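Trainee: The sequence shown maps to residues 1 to 149 in my numbering. Cβ coordinates follow ideal geometry from the N, Cα and C atoms, glycine included. All values derive from a computational prediction rather than experimental measurement.
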Amino acid sequence: MNDEHWSDAEFRSFISALRSDSCISPAVDDTDRERFIRQARLRVAPDVQRRVLADVGAMTDADGIARATLEILEDELWGKRRTWIMVTPDPWGLLADLVTRGIRSSYRASVRRRRDDRALDGIEKVSSRAELAGLDETGDAEADEPARP
Numbered sequence: 001m002n003d004e005h006w007s008d009a010e011f012r013s014f015i016s017a018l019r020s021d022s023c024i025s026p027a028v029d030d031t032d033r034e035r036f037i038r039q040a041r042l043r044v045a046p047d048v049q050r051r052v053l054a055d056v057g058a059m060t061d062a063d064g065i066a067r068a069t070l071e072i073l074e075d076e077l078w079g080k081r082r083t084w085i086m087v088t089p090d091p092w093g094l095l096a097d098l099v100t101r102g103i104r105s106s107y108r109a110s111v112r113r114r115r116d117d118r119a120l121d122g123i124e125k126v127s128s129r130a131e132l133a134g135l136d137e138t139g140d141a142e143a144d145e146p147a148r149p
């Protein structure tokens, strides 16, 4: 397989070989996996990085995305999506969609709000809007605060 840009046919060939891989007769060796990771870094990572940044505001590493792409592809080999990856006119685009969904889901499951944020939310909920805006009970700005428009 070529190291430049794999054609869709080369990509599909890799998927077929990966699925027929076994410990008795490996069809895909570490060199093939590394070649795929290079392809994923070129073909999948840039799109995934843009989409994850736009969706959740998180920066991601292209090499990490490429390695996660191989893992996600291996997970999908026995499911229904494998068939669609094999027949879709844009297999790399579909793979980018799957990887983006996986990373977005992982991000949301991994990132938790800090206790400070929760405490501030609690204070905001129990405080009146006038107190938060710096107004006294009459609706006038407090003496030590400048008037707000």
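Got a sec, what are the start and stop residues for the alpha helix (DSSP H) leucine 77 sits in?
Mentor: From DSSP, leucine 77 is part of no alpha helix (DSSP H); its letter is neither H nor E.
Trainee: Rounded C-beta distance between isoleucine 65 and valine 44? I'm assuming under 8 Å.
Mentor: Indeed they touch by this definition, with Cβ atoms about 7 Å apart.
Trainee: Rounded C-beta distance between valine 28 and alanine 17? I'm assuming under 8 Å.
Mentor: 5 Å between Cβ atoms; contact.
Trainee: Below 8 Å, how does it come out for the segment 3 to 14 and the segment 50 to 68: are there three or more Cβ pairs, yes or no?
Mentor: These segments do not touch.
Trainee: Let me check understanding here. Comparing Cα to Cα, which of Gly102, Asp61, Ala54 lies closest to leucine 73?
Mentor: Minimum Cα distance to leucine 73 is reached at Gly102.
Trainee: Under 8 Å between the Cβ atoms of alanine 62 and tyrosine 107?
Mentor: For alanine 62 and tyrosine 107, no; Cβs fall outside 8 Å.
Trainee: In chain order, what residues of the same chain lie with their CB nearer than 8 Å to the CB of serine 82, ignoring the 5 residues before and after it?
Mentor: A quick correction: the sequence has arginine, not serine, at residue 82. Contacts found: Ile15, Arg19, Glu76.
Trainee: Can you tell me whether glutamate 124 is helix, strand or coil according to DSSP?
Mentor: In this structure, glutamate 124 counts as helix in the three-state DSSP scheme.
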